Amino acid sequence: MDKFDLNSLTKEQIELASKCKTPEELIELAKKAGVELTIEQAEAYLNELQDTELDETSLDKVAGGCNLRGQTKWSHAS
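For the sequence shown, numbering that gives the first Met the number 0 assigns the number 0 to the initial residue and increments by one for each residue that follows.
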């Protein structure tokens, strides 16, 4: 089996990996692709995925779509 290299993942592989809920699921997915992952690597990768995924509200805030009151810049006061 190949050694795990995060930089060699395709977009499709990242999407599949992001659907894994547990390190064990990720390890099994990697095995099917011929890649050997340790539990520590799987845990670290899942943590990294969680750190980079934003929900829609957080994404709006990062993109400058909300003011301090949480209203989107497109909201109009009545």
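Ideal Cβ positions, reconstructed from N, Cα and C, are used throughout, including at glycine.
Note that the structure is a prediction, hence the values are computed from the model and not measured.
Check your understanding: Is L48 closer than 8 Å to A16 when the C-beta atoms are compared?
Key -> In this structure, A16 sits near L48, with a CB-CB distance shorter than 8 Å.
Point to revise | Among K30, T21 and A29, nearest to E42 - alpha-carbon criterion | key: When the alpha-carbon of E42 is set against those of K30, T21 and A29, the nearest one is in T21.
Practice item. Verify whether the separation of the beta carbon atoms of Y44 and L25 is less than 8 Å. Key: yes
Point to revise | Rounded separation between K10 and E23 - CA only | key: 21 Å
Exercise for review: Rounded to whole angstroms, what's the CA-CA distance from K31 to Q12? Just pull it up for me.
Suggested key: When rounded, the distance between both Cα atoms is 11 Å.
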